[in-house]
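Everything on this sheet refers to the single structure shown next.
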Amino acid sequence: MKKKFFATAMLFLCISAFAFAQVEKGNWIFGGSSNLEFDATKEKVKSGSTTSDGSKYSDFDFRPQVGYFVIDKLPVGLFMDLSLDKMKDENYDSEYKWTSFLIGPFVRYYITDLDGFMPYAEAGLGIGSGNNKTTYSGNESDEKYNMFGYKFGAGGTYFVTKNVGVDLFIGYKLEQETYKNEDTGERSDVVTYKCGGLSLNIGFIISLGK
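Each position in the sequence shown, counted from 1, maps to that position plus 23 in the numbering used here.
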């Protein structure tokens, strides 16, 4: 009976040690995620018996990150949000391109282990810049802006192997865009846009030990 109890206890300790090995102090995590908004669409416009191509639209968002566990279950690091959007309408000889990036620190805390699934809380903030480029009938215009953003929420990582996991995050995200005065080059506090709402990201995590 004692042998069975001892064997069971040792097995439990081994499983626990394996489960939390990915989130130990001194480990590194590397990851990448998307907000599930990658899209590529093409419109068709029908007027009477005539059908013509409408606007073509593509959208891509990617968020790489790297972190270091300063203590068990708590990594801190850097993230970057990269967004690329494009819309083209050949009927009006127009094209619009939006590009932006945001970079800054983040902190994450893994709460517990649920049979390989590790829920966590995370927060981060960053600064960056963006550019809106418009082409209409051969004429081009550029509009640059500065960005500030933050987000916080919760998620979970499910480690499918010892070092690789599937990562899911849902939370609140806010981004602020401040445009420059093209004549003076100064920031114009009058032209400031804020956009906030729920954000859902899914991606992967790689954990590397010491």
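Note that CB positions come from ideal geometry on N, CA and C, so glycine has one too.
Predicted model only: the values in this text are computed from it and were never measured.
Here the region 131–147 makes contact with the region 178–198; the two share three or more CB pairs at distances below 8 angstroms.
For serine 117, the pairing in a beta bridge is given by DSSP as Asp112 and Tyr159.
At a Cβ-Cβ threshold of 9 angstroms, aspartate 190 and glycine 179 count as neighbours. Your pair asparagine 58 and aspartate 84 checks out as a contact, with CB atoms roughly 5 angstroms apart and the cut at 8 angstroms. Straight through space, the alpha carbons of tyrosine 168 and glycine 127 are spaced by roughly 17 angstroms.
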